[in-house]
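Encoded as structure tokens, the structure appears first; notes follow it.
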Amino acid sequence: MEQSSKWMILIATTWIQAFTGTNFDFSSYSSDLKSVLEISQVQLNYLSMASDFGKAFGWCSGVSLMYFPLWVVLLIAAFMGLVGYGLQWLVIQRIIFLPYFLVFLLCVLAGCSICWFNTVCYVLCIKHFSANRPIALSLSISFNGASAALYNLIANAINSKDDTLYLLLNGLVPLVTSIAALPILWQPQSQTLCADSVHREYLNFRCLTILAVFTGLYLLILNSVSYSAQTARILLAGALFLLVLPVIAPGVICTEEWSELFHPNYISLEDNDTDDLDMLNELIWKEASSMNVWTENSDGSKEKGRWTSSFLLRDRLLLLGEEHSASLLMRRLDFWLYYLAYFCGGTLVLVYSNNLGQISESLGYRSEISFFVALYSACSFFGRLLSAAPDFLRNKMNYARTAWLAFALIPTPLAFFLLVLSGSKAALSAATALVGLSSGFVFSAAVSITSELFGPNSAGVNHNILITNIPLGSLLYGLLAALVYEANLGKPDQVLILDGSKVCMGRNCYIQTFMWWGCISLVGVASSFLLFLRTKAAYDSQERNGNWMRLT
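Here UniProt numbering is used: the sequence shown runs in plain steps of one and ends on residue 552.
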């Protein structure tokens with residue numbers, strides 16, 4: 001039963017992820033929040049940033065896991081979200097009054113809860129699926145991208161005309177989901193798998209991924225059409241059935257037990273680990289030495305290759321899976337290239353999603369905000385699933401995961417420059433879909449990359465250090481957008497009064513922002529490409545020496 005219990009744990013993490021991506025629906029209620037608090041666009045941006053600022057304290061969740069069991073950390077996250085979102089809902093309903101500063105702190109608390117949920121899921125996947133860790137992470141994290149689409153269905157099933165309902169759901173649904181998942185999470189850590197079991201586990205992941213694709217298509221198609229509250233309830237029941245389906249699919253849970261019955265003799269993947277690591281280190285050092293010799297072959301090539309050699313070889317990673325403490329991490333050039341790529345890529349798109357409500361409103365699509373939010377959510381879901389491609393296609397397309405990261409960031413500048421050229425609904429839809437796919441891939445792949453480059457056991461803390469760039473980016477990018485927006489409010493022909501507050505209308509409200517964001521995202525692409533060049537040798541050596549499955 002041990003192998004079946006770990007599949008139940010994976011399914012539980014998909015439930016947690018599916019209902020805790022509460023930051024994605026900020027655009028659905030941001031206009032109401034702005035009206036009730038009677039604040040400017042810049043102040044609204046600070047509230048959006050506050051939610052992301054909570055992620056700066058995400059490292060606390062990794063530290064707390066050193067002293068508390070997983071279920072305690074999970075419940076702490078749930079109650080933080082309940083307080084953070086619940087009190088905001090009371091404010092927006094005018095039941096209580098809180099000053100702007102306290103609402104800001106509530107947004108910080110709510111954002112912090114999301115990080116704690118994510119850390120719990122990351123640790124569970126890393127602990128129970130050591131052989132297929134990246135696939136488990138991408139599958140679990142992908143459902144976080146479906147949160148906005150699911151919350152949209154729930155809200156429409158209750159009252160489609162009340163956008164403030166999202167805040168109440170953000171507080172209650174994660175708490176209910178966490179309590180429901182508790183009995184499943186009280187399971188012992190899985191033992192090391194034998195070679196045949198690893199293959200069986202891989203096949204199970206393929207089945208679960210196919211099922212996840214159907215779930216994503218279901219949510220994407222249904223959120224693109226209009227329906228009544230009664231229909232929404234039926235569609236919501238279908239979505240919940242797809243989420244529960246892996247539990248009642250006996251083939252997924254029982255495959256490991258059947259495998260043990262028919263294949264009793266295995267060779268452990270952990271045999272001769274020390275010898276393998278010694279041999280791998282030796283080969284990598286030889287490769288590094290040969291590269292140094294190559295750059296100094298002749299007087300003519302020595303000067304030409306000196307700078308390139310210095311940058312690409314200096315303090316680069318030589319071994320995947322090596323554990324990094326926080327202090328060592330901060331001294332790594334590879335980490336800062338990685339940090340910059342995330343800062344100018346995934347974080348930038350996150351700010352776009354936070355501003356999606358105002359962007360849609362300014363372009364004249366106020367009634368379509370829910371559609372664009374759901375579209376971004378669904379495409380983010382598929383982007384996260386695509387992050388498993390390096391593992392499923394390794395036999396056909398063996399690229400370093402950092403190369404896939406660089407490719408995944410390319411659609412982001414294309415999307416922003418598309419919005420510079422056109423403000424049509426088709427352009428906004430295409431751009432939202434592109435950045436959703438791109439950011440989804442980055443958010444999901446980043447956890448595996450952090451684990452591979454800087455050690456799986458340190459991933460809980462190190463990944464939370466990485467995402468400290470989110471509040472910084474949220475402040476800078478969001479402030480840029482807000483200042484451009486406010487500047488256009490001074491033009492009488494672009495101002496409309498809605499619900500007692502001024503709204504900027506027209507393409508000029510965000511066109512300069514899109515130009516800046518497009519240029520910044522190009523920096524992210526360049527940084528990710530440099531990271532790939534510096535880590536390519538480590539990935540290649542790892543693959544050649546047959547230790548990939550053990551370290552990833």
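Virtual Cβ for every residue (Gly too), placed ideally from N, Cα, C.
Asked: For residue 502, three-class secondary structure by DSSP; Found: strand
Asked: Nearest-angstrom beta carbon gap, residue 503 and residue 361 [assumed within contact, 8 Å]; Found: 6 Å
Asked: Residue of 487, 328, 383 minimising C-alpha distance to residue 146; Found: 383
Asked: Between the CA atoms of residue 392 and residue 287 - distance to the nearest angstrom; Found: Caution applies to residue 287, whose pLDDT of 44 falls short of 50 and renders its modelled position unreliable; the value that the coordinates give is listed next. In a straight line, the C-alpha of residue 287 is about 28 Å away from that of residue 392.
Asked: 7 Å Cβ cutoff met for residue 372 and residue 356; Found: yes
Asked: Beta-carbon spacing of residue 530, residue 337 below 7 Å; Found: yes
Asked: Simplified DSSP assignment, three categories, for residue 60; Found: helix
Asked: Per-residue DSSP class, three states only, for residue 134; Found: helix
Asked: Cutoff 6 Å; reference residue 277; Cβ partners in own chain excluding five residues on either side; Found: Confidence at residue 277 is low in this model, with a pLDDT of 44, below 50, so its placement is unreliable and the value that follows should be read with caution. Excluding sequence neighbours, residue 277 sits near nothing in its chain.
Asked: Inter-residue Cα distance where the pair is residue 514 and residue 376; Found: 17 Å
Asked: Local Cβ density within 10 Å of residue 346, reported as buried at 16 or more and exposed below that; Found: buried
Asked: Counted within 10 angstroms of its Cβ, other Cβ atoms place residue 25 as buried (16 or more) or exposed; Found: buried
Asked: Unbroken alpha helix (DSSP H) run spanning residue 384, endpoints; Found: 369-386
Asked: Identity of the residue in 140, 231, 99, 48 nearest residue 125 by Cα; Found: 140
Asked: Backbone secondary structure at residue 93 - three-state DSSP; Found: coil
Asked: Residue from 113, 104, 333, 70 with nearest C-alpha to residue 49; Found: 104
Asked: Stretch pair the region 444-463 + the region 402-409: three plus CB contacts closer than 8 Å; Found: yes
Asked: Three-state secondary structure assigned by DSSP to residue 316; Found: coil
Asked: Cβ-Cβ distance between residue 131 and residue 15 below 7 Å; Found: no
Asked: Buried versus exposed call for residue 369 [16 or more other C-beta atoms within 10 Å across all chains shown]; Found: buried
Asked: Meets three-Cβ-pair contact criterion under 8 Å: the region 83-97 and the region 152-172; Found: yes
Asked: Nearest-angstrom beta carbon gap, residue 427 and residue 419 [assumed within contact, 8 Å]; Found: 6 Å
Asked: Residue 425 - containing alpha helix (DSSP H), residue span; Found: 425-454
Asked: Whole-angstrom distance between residue 505 and residue 364, CA atom to CA atom; Found: 7 Å
Asked: Inter-stretch contact (C-beta, 8 Å, three-pair minimum) for the region 4-14 and the region 67-85; Found: no
Asked: Rounded Cβ spacing between residue 62 and residue 111 (contact assumed at less than 8 Å); Found: Not quite, the Cβ-Cβ distance comes to about 16 Å (not below 8 Å), so this is no contact.
Asked: Rounded distance between the beta-carbons of residue 148 and residue 317, thought under 8 Å; Found: With 8 Å as the limit, residue 317 and residue 148 do not qualify as a contact, their Cβ atoms being about 36 Å apart.
Asked: Inter-residue spacing [alpha-carbon to alpha-carbon] between residue 263 and residue 200; Found: With a pLDDT of only 41 at residue 263, under the threshold of 50, the placement of this residue in the model should not be trusted; the figure read from the coordinates follows. Straight-line Cα distance between these residues: approximately 11 Å.
Asked: Proximal residues to residue 465 (C-beta, below 7 Å), its chain only, five neighbours per side dropped; Found: 59, 326, 329
Asked: Minimum length 4: unbroken alpha helix (DSSP H) runs contained in the region 390-423; Found: 401-409, 411-421
Asked: At least 3 beta-carbon pairs within less than 8 Å: the region 227-238 vs the region 208-216; Found: no
Asked: Pair within 7 Å by beta-carbon distance, residue 47 and residue 107; Found: yes
Asked: Supposed close pair residue 113, residue 77 - CB separation, criterion 8 Å; Found: 5 Å
Asked: Alpha helix (DSSP H) segment containing residue 361, residue limits; Found: 356-362
Asked: CA-to-CA distance, residue 97 to residue 409, given in whole angstroms; Found: 42 Å
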